[in-house]
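Residue numbers (our numbering), protein chains in the order written: chain E, 85 to 225; chain P, 25 to 124.
Next up, the structure:
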């Protein structure tokens, strides 16, 4: 198995979860129904991402992705984008808050260089500057 | 593929100084990119990162365990595996073909 030889970036978490604001990032192609769907017609993939506000009704979310079976996410988006789960954890006092911005993108792409050098740092910047999250939960789909 | 690129995003977030934890259901693929922190809920299929639809208690447990990794002394680049028998039928994750 090939392993990335780059060292692993690691930021220690020095807060209490119960006082921390959490953002969700998913590669599972999640977006709002009234946002532009990801372009699944392009064989090269889609390098864009969608910002998802914290107060949306999860029924307003959907998946556009053709590289995994999202039948389950169509029934309950929380299996890949756990926004209602996060709300439950907040109401139980397990986490402190829900970040101002969450991110959905479509993780399938043939344009890896553009993904690694463009989309990935852009999403990180959005999380850092826009979401004000203390920590992030990511899902692969 | 999604389970590779999501680690690239995670690593960029970590480089901004924001701690991040990944839930992966394709651990071999994610491991190639060495995620800073990651949970593999054993036997969950692709598309079921948090479990099955409407299994809210299970979904909460998985999310709590994932966020819990933030406060544990995990080894950067490694993936923690946790079993959730209540998930039911287990699935074999995609394997990475050895290049050797």
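The beta carbon of each residue, even a glycine, is placed where N, CA and C say it ideally should be.
The structure displayed is predicted, hence computed values, not measured ones.
Can the beta-carbon of residue 121(E) be found closer than 8 Å to that of residue 148(E)?
Against the first chain, residue 121(E) aligns to sequence position 37. Against the first chain, residue 148(E) aligns to sequence position 64. Contact: yes.
For the stretch 101 to 116 of chain E, enumerate the residues whose C-beta is nearer than 9 Å to any C-beta of chain P, in chain order.
The residues in question are 101, 104, 106, 107, 109, 110, 111, 112 and 113.
Name, please, each residue of chain P whose Cβ falls closer than 9 Å to the Cβ of residue 154(E).
Position 70 of the first chain, counted from the first residue, corresponds to residue 154(E). Neighbours of residue 154(E) on chain P, chain order: 71.
For residue 211(E) and residue 40(P), believed in contact at Cβ under 8 Å, the rounded distance:
Against the second chain, residue 40(P) aligns to sequence position 16. Against the first chain, residue 211(E) aligns to sequence position 127. The beta-carbon distance between residue 40(P) and residue 211(E), rounded to whole angstroms, is 7 Å. This is short enough to meet the 8 Å contact definition.
What do you reckon, are the CB atoms on residue 179(E) and residue 108(E) nearer than 8 Å?
The residue given as residue 179(E) occupies position 95 in the first chain. The residue given as residue 108(E) occupies position 24 in the first chain. Between residue 179(E) and residue 108(E), the C-beta gap is not smaller than 8 Å, which leaves the two residues out of contact.
In the DSSP assignment, what are the bridge partners of residue 104(P)?
On the second chain, residue 104(P) is found 80 positions in, with the first residue counted as 1. Within the DSSP bridge table, the entry for residue 104(P) names 63(P) as partners.
Cβ-Cβ distance between residue 74(P) and residue 47(P) below 8 Å
Translated into the one-based positions of the second chain, residue 74(P) becomes position 50. Translated into the one-based positions of the second chain, residue 47(P) becomes position 23. Cβ atoms of residue 74(P) and residue 47(P): closer than 8 Å.
Scan the stretch 151 to 183 of chain E for residues whose Cβ lies nearer than 8 Å to a Cβ of chain P and list them as they occur along the chain.
Cβ contacts with chain P: 151, 152, 153, 154, 155, 156, 157, 159, 160, 162, 163, 164, 166, 168, 169, 170, 172, 173, 178 and 179.
Is there at least one non-hydrogen atom of the ligand ZN closer than 7 Å to the beta-carbon of residue 69(P)?
In the structure on display, the ligand ZN does not appear, and there are no ligands present to speak of.
At which residues does the beta strand (DSSP E) containing residue 47(P) begin and terminate?
One-based indexing of the second chain puts residue 47(P) at position 23. In the DSSP assignment, residue 47(P) falls within the unbroken beta strand (DSSP E) covering 44 to 47.
Kindly say whether residue 80(P), judged by its beta-carbon, lies nearer than 8 Å to any beta-carbon of chain E.
Here the question's residue 80(P) lines up with position 56 in the second chain. Chain E has a Cβ within less than 8 Å of the Cβ of residue 80(P).
Is residue 221(E) helix, strand or coil when you go by DSSP?
Position 137 of the first chain, counted from the start, is the residue given in the question as residue 221(E). Three-state DSSP puts residue 221(E) in a strand.
Taking 8 Å as the cut-off, does the stretch 75 to 85 of chain P touch the stretch 199 to 215 of chain E (at least 3 CB pairs, one atom from each stretch)?
Touching, no.
Taking 7 Å as the limit between beta carbons, can you name the residues of its chain near residue 183(E), skipping five residues before and five after?
In the first chain, residue 183(E) corresponds to position 99, counting from 1. Its chain contains 105, 106, 107, 138, 215, 216 and 217 as the residues whose beta carbon lies nearer than 7 Å to that of residue 183(E), once the 5 sequence neighbours on both sides are disregarded; these appear in chain order.
Let me see if you follow: with CB-CB separation under 8 Å, is residue 122(E) close to chain P or not?
The residue you call residue 122(E) lines up with position 38 of the first chain. No, its Cβ sits nowhere closer than 8 Å to a Cβ of chain P.
Is the CB of residue 208(E) under 8 Å away from at least one CB in chain P?
For the purposes of this step, residue 208(E) is identified with residue 124 of the first chain, where counting begins at 1. It does; some Cβ of chain P falls within 8 Å.
What do you reckon, are the CB atoms on residue 95(E) and residue 31(P) nearer than 8 Å?
By 1-based counting over the first chain, the position of residue 95(E) is 11. By 1-based counting over the second chain, the position of residue 31(P) is 7. Not in contact: residue 95(E) and residue 31(P) (Cβ atoms no closer than 8 Å).
For a cutoff of 8 Å on Cβ pairs, would you count residue 224(E) as touching chain P?
The residue you call residue 224(E) lines up with position 140 of the first chain. Output row for residue 224(E): interface = yes.
Mind pulling the chain E residues with CB within less than 7 Å of residue 112(P)?
The residue given as residue 112(P) occupies position 88 in the second chain. Residue 112(P) does not reach chain E, its nearest Cβ partner there being about 13 Å away, counting only Cβ pairs nearer than 7 Å.
Hey, could you find the ends of the beta strand (DSSP E) residue 78(E) is sitting in?
Past the edges of chain E, shown from 85 to 225, lies residue 78(E), and the structure says nothing about it.
Considering only C-alpha positions, which residue in the set 121(P), 51(P), 34(P) and 28(P) is nearest to residue 106(P)?
Along the second chain, one-based indexing puts residue 106(P) at 82. Taking residue 106(P) as reference, the option from 121(P), 51(P), 34(P) and 28(P) with the minimal CA-CA separation is 51(P).
So the beta strand (DSSP E) residue 186(E) belongs to, where does it begin and stop?
Residue mapping note: residue 186(E) aligns to position 102 of the first chain, counting from 1. Element bounds for residue 186(E): 186 to 189.
Outcome for residue 115(P) when other beta-carbon atoms lying within 10 angstroms are tallied against a minimum of 16:
Numbered from its first residue, the second chain carries residue 115(P) at position 91. By the neighbour-count rule (16 or more Cβ atoms within 10 Å), residue 115(P) is not buried but exposed.
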